[in-house]
Each structure stands twice: as C-alpha cells, then as structure tokens.
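Peer 1: Take a look at the following structure, please.
Numbering (the numbering used here), first residue to last: 25 to 334.
Right, dumping it as structure tokens:
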C-alpha cells in the first residue's frame, strides 16, 4: 500500500482551506493531509486544524514563517515521509476528482513527476483574467521546451504528484511562486520522467483573492528566464553575452579603424581603449561560459552516480 501525502501550502486561505481539505479527503480518505501555514494572518491555521480533526484525517498542520511557496514546500518535503507526494494549491481551483489519475503514473512507476495540465482543455484561458501572466507563461514555456528539447504544455501548474525519489533528490533553493518552474527545470535537467495529464481549472470562489501580482510576477518571470540560461545553459548565457560585447566592441572600433586606414594614426584614443576593453570582457564571458558548462556537466555526472548508489 503506497503512502500518499497531500501537501497544501496556504497563505491567507481561510475562505477555501476547509473546503479544499474536504473535497480531497473525499477523493482519497486514506491519504495524509499536510497543510503548511505560510505566515498567514487570518484563520487559515485554525480552520485547517479543525477540519482535519473533524474528518479524522491523518496528517496535520506545519508552520513555515518564511514567506513564499518554495519555503512552504521545503518545510513539507523535509518533514513528511511518503511514497507519493501531491502538491495542490489550497484555493479550490484544481479538481480533486483527478487525484487518482495524477498519482497513478507514479504508483505504476511510469513517471517521477506528474503535472496537472491546466491549458490543454482551455479552462485556464477562459478563467484567466491576466493576459500578461499568460504571455509570461508562454514565454517561459517556449524557452524551456527549446533549451531542453521538450514538449511540455503547462510549466507553471500548481497541481503535481511526485515520486519519493524525486522529492528526496530535489534541493529547493527558490522561495516563491517560481517553485513550479524550478521543479520542471530540475526534472528535465536530471532526466526525471515527466507526464502531463489535462485537468480542469476553476476560478477562485468569490471572496478568495489571488496572491499573484502582475508587475512583481512579470519581473520574476524575467528573472526566471535569466536563471534558466545562467544555471542550466551557462554556455548559451555567457556565450550570448560574449557575442553582444564583441558586437559592441566592433561598433565602437569603427572610427578607430577609419583613422588607421586613412592616416595610419589613431585620433579616437578613448574609443580605441573602450573597444579593447569590450573585447576583453567578451573573451572573459566566453571563458566563464566554457568553465561553467564543464562544471554543469560534471554535476550531472555526480548526480547520476549518487542516484545509482541509493
């Protein structure tokens, strides 16, 4: 019998936490339910404890005072021991009736991470009232699929199931809502098996407020893209920077070359110094990219060796 742990990160979800626990408990009463109270200022923790006691559900409430969904999941992954882990938002947006479908590929050893794909059925597009969020999602999705030669549909879904192997070999270093993207990147980079299952997506109930912010989350998306390139494809990141500095150096050197061709004398001395400096930076960027690419490859080899010995 596989032990299933359902993790519900919750920050100020007093309007939805009780109903979320109830519907998922009805779908799988044998599972453990772990609500992670992430520094809530409302009645989230009290309602979670009362609901778990009322249902006589296994599990409990964990407290994580450091703000951020990544911090909340880190607390749960460190404290909870199970064979299958399910992460789901505590806002009644994901369907509990697909819980069995989500964990089945894990139980049958066909996947290490199963993602509830909100996009394929079109529900998310109809419910989403933030076009900039949708554009950011597509941008990150396209970049990830391009760099890893993947064909994933929903990079940022908050409804996922994980194998014990994945959870115990995933270092959570991010703190906020970028956790879903980071999980996907780790799985792709370390060649864990990913399965996507289309699921419905519902709007938050009336009175429940999303914690997302268009401007800050837009900046976070750009930061995520930079981090993807820097950490997972360093040669692309620093090679691109090197090419940019080479281009700037050549443009800056045009007047210098003109001086030398016409008079065999350089009048634009400051530009000559700047062009030389830009070329040196380009060389250093390429050297850093090559070194980090080698380190990244060695890290993958070490990870594979560690997995073989577990």
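Backbone N, C-alpha and C define an ideal beta-carbon position, used for all residues, glycine too.
Treat the numbers as computed from the prediction; the structure is a model and nothing was measured.
Please classify residue 132 as buried or exposed, where buried requires at least 16 other C-beta atoms within 10 Å of its C-beta.
Peer 2: Label assigned to residue 132: exposed.
Peer 1: Around the Cβ of residue 180, are there at least 16 other Cβ atoms within 10 angstroms (buried) or fewer (exposed)?
Peer 2: Answer is buried; the Cβ neighbour count reaches 16.
Peer 1: Which of the three DSSP states is assigned to residue 61 in this structure?
Peer 2: Of the three classes helix, strand and coil, the one that applies to residue 61 here is strand, per DSSP.
Peer 1: Do residue 203 and residue 138 have their CB atoms nearer than 8 Å?
Peer 2: No, these two residues do not count as a Cβ contact at 8 Å.
Peer 1: Look at residue 302 and residue 269 and say whether their C-beta atoms are less than 8 Å apart.
Peer 2: Their beta carbons are under 8 Å apart, which means residue 302 touches residue 269 by this criterion.
Peer 1: Take the Cβ of residue 78 as the centre, count every other Cβ of all protein chains shown within 10 Å, and call the residue buried at 16 or more, exposed below.
Peer 2: Its Cβ having fewer than 16 others within 10 Å, residue 78 is exposed.
Peer 1: Helix, strand or coil for residue 48, going by three-state DSSP, please let me know.
Peer 2: Helix at residue 48.
Peer 1: Along the alpha helix (DSSP H) that carries residue 186, what are the first and last residues, could you check?
Peer 2: Looking at the DSSP string, residue 186 is not in any alpha helix (DSSP H); the run it does join, the beta strand (DSSP E), is 184-187.
Peer 1: Does the segment 159-179 come close enough to the segment 47-59 to have 3 or more Cβ pairs within less than 8 Å?
Peer 2: Counting Cβ pairs under 8 Å, fewer than three are found: no touch.
Peer 1: Have a look at residue 84 and residue 214 and give me their C-alpha separation to the nearest angstrom.
Peer 2: Answer to the nearest angstrom: the Cα atoms are 32 Å apart.
Peer 1: So what's residue 146 in DSSP terms, helix, strand or just coil?
Peer 2: Here residue 146 sits in coil by DSSP.
Peer 1: Do you know offhand how far residue 183's Cα is from residue 67's?
Peer 2: If you take the alpha carbons of residue 183 and residue 67, they lie about 24 Å apart.
Peer 1: For the segment 160-176 and the segment 243-260, state whether three or more C-beta atom pairs, one from each stretch, are separated by less than 8 Å.
Peer 2: Yes, the segment 160-176 is in contact with the segment 243-260.
Peer 1: Pairing CB atoms from the segment 114-127 with CB atoms from the segment 86-104, are three or more of them under 8 Å?
Peer 2: Segments in contact, no.
Peer 1: Do you know how far the Cα of residue 217 is from the Cα of residue 276?
Peer 2: Approximately 48 Å between the Cα atoms of the pair.
Peer 1: Which residues in the same chain as residue 226 place their Cβ atom closer than 6 Å to its Cβ, once the five residues preceding and following it in sequence are excluded?
Peer 2: Once the five neighbours on either side are set aside, the close Cβ partners of residue 226 are 117.
Peer 1: Can you check DSSP and say which residues form a bridge with residue 222?
Peer 2: In DSSP, residue 222 forms a bridge with 141.
Peer 1: Our contact map puts residue 164 next to residue 248 with C-beta atoms below 8 Å; I'd like the distance itself, whole angstroms only.
Peer 2: Yes, they are in contact, since the Cβ atoms of residue 164 and residue 248 sit about 6 Å apart, within 8 Å.
Peer 1: Would you kindly check if the distance between the Cβ of residue 141 and the Cβ of residue 87 is under 8 Å?
Peer 2: The answer is no: Cβ separation not under 8 Å.
Peer 1: Run the CB neighbour count on residue 62, radius 10 Å, all protein chains shown included, and call it buried at 16 or more, exposed below.
Peer 2: Buried, by the Cβ-count rule.
Peer 1: Give me whichever residues DSSP pairs with residue 33 in a beta bridge.
Peer 2: Answer by DSSP bridge pairing, in chain order: 60.
Peer 1: Just confirm the distance between the C-beta atoms of residue 187 and residue 108, as a whole number of angstroms; I'd bet it's less than 8 Å.
Peer 2: Residue 187 to residue 108, Cβ: 7 Å. Contact.
Peer 1: For the beta strand (DSSP E) containing residue 111, name the first residue and the last one.
Peer 2: Looking at the DSSP string, the run of the beta strand (DSSP E) that includes residue 111 is 108-111.
Peer 1: Are the beta-carbon atoms of residue 317 and residue 258 separated by less than 8 Å?
Peer 2: Yes, Cβ-Cβ distance for residue 317 and residue 258 is below 8 Å.
Peer 1: Quick one: using the 10 Å Cβ neighbour count with 16 as the cut-off for buried, is residue 38 buried or exposed?
Peer 2: Buried, since its Cβ has 16 or more Cβ neighbours within 10 Å.
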